[in-house]
Each structure stands twice: as C-alpha cells, then as structure tokens.
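Each remark here refers to the structure printed beneath this line.
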Amino acid sequence: MTSKDLKQELQNLKAYKQERVRIGEAVVQHQLLPDLIAFCRPESGVSHQACWSLEQSFLLQEEACYPFLKEICELYTRNINSSGKRPLCKISGILTKKYYCNKDNLIKKILHQSMREQIVEGCFQELISTDRTANMAYSVYSLYELGKEFDWIYPELIPVLQQKLQENYGNGFKSSARRILAKIEG
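For the record, in the sequence shown the residue sitting at position 7 is 1277 according to my numbering, with numbers rising by one throughout.
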C-alpha cells in the first residue's frame, strides 16, 4: 500500500468497523502512519475517514503510534468535524488515563506538556461546541484526568457540565457527567 492507495481507500471508506480495522492495520504494516495523520487534517478531503482509521491503528498497535504522538496531538487544535473528532477524543481518553495512572509507563515519558495542552484545548472545544454525546463523554473523561495536573480545568469544567445536565442529552452522557462531577466535588 502506498500513500496514494491509502487516500483512495479512505475516499471509499464507509463507517463499517471491519473496513476501519483493515485500513488501520494496513497503515501500521506499511509504515504509513505519517500519511494517515496528514490525511486527518481537514484540508485532505478524507479527514474523518482518516481519523476513524487512526483510532483503529491506535487501538490495535498503540505503541507503533507513540513516535507520532506530537503529530496526533496537533490534530486536537484543528477544525475537524464531529465524526472525526470522536476517535480523537477516544484516543485522548486512553492517553490521559495512562498518563495520570499510578503505574510507570512509556506515555508518562513521551506525552509532553505541550501535547497535553493541545488535548485540553481540543477536548474543551469539542465539549462546548458539539451535541454528539460520545464526543462529549470522551472529552469529559479526558478533561477529568487532565484536571489532576492543570488546576484551572475543574473550575471551568464544573459549570459546563452543570449546564449540559440541564439540556436535552441522553442518559448515558448525563450519567457520565454526574459521575465526573461527583469525583471532582467529592
């Protein structure tokens, strides 16, 4: 598979998991992660499809993605549509959970402060601007973890979550929001 082949595959990609997994695996196998990450940018024309595939590359071959975390974190500050942001928010949830856990791991060495700040920016933007509950839930969990380091996050996050709880979102998101509020306040 070449970069050109990858773009063609992404142009034809539908949301079926089997296809996303196939492309995600092929990208790692053919060492095309830099190309896939570049295709995640909005100007590529295949941004959300590339983000779907990046999620699968990350879930299936997480450590192969580590050398490209700087480029992945830069995506959080880009204007990617909600369909593409969901997999990025899911990746941020995994990264932040590992970074702030008590066990020593490689993420603690390679997820630099500037990268964490980009995740904060992207997750807050997604939480505030989207009505997609999966995106919001992943963002909230990431922001909760990041708030363990950045002391300004919780005072900003609490009123946003309280407002979202008053709005017409599904019970799944509301349950997540209440759980995070209880952790912050308790």
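Where is the CB? At the ideal position from N, CA and C, for every residue including glycine.
Self-check item: Cβ shell of residue 1408 (< 6 Å), same chain only, five flanking positions each side left out
Solution: 1359, 1360, 1363
Exercise. Using alpha carbons as the reference points, say which of 1274, 1365, 1394 lies closest to residue 1429.
Key: 1394
Self-check item: Rounded separation between residue 1314 and residue 1308 - CA only
Solution: Rounded to whole angstroms, the gap between the alpha carbons of residue 1314 and residue 1308 is 8 Å.
Practice problem: Enumerate, from N- to C-terminal direction, the unbroken alpha helix (DSSP H) stretches of 4 or more residues contained entirely within the stretch 1382–1406. | Solution: 1383–1399
Exercise. Could you check if residue 1386 is buried or exposed, using at least 16 other CB atoms within 10 Å of its CB as the buried criterion?
Key: buried
Quiz item: At what residues does the alpha helix (DSSP H) containing residue 1322 begin and finish?
Solution: 1317–1330
Quiz item: What residue range is occupied by the uninterrupted alpha helix (DSSP H) comprising residue 1448?
Solution: Per DSSP, residue 1448 is one residue of the alpha helix (DSSP H) stretching across 1441–1455.
Practice problem: Find the nearest neighbour of residue 1352 within the set 1284, 1306, 1289, 1403, judged by alpha-carbon distance. | Solution: 1403
Quiz item: From what residue to what residue does the alpha helix (DSSP H) around residue 1371 run?
Solution: Taken as a continuous stretch (DSSP letters only), residue 1371 belongs to no alpha helix (DSSP H), as it is neither H nor E.
Quiz item: Counting along the chain, where does the alpha helix (DSSP H) carrying residue 1275 start and finish?
Solution: 1273–1282
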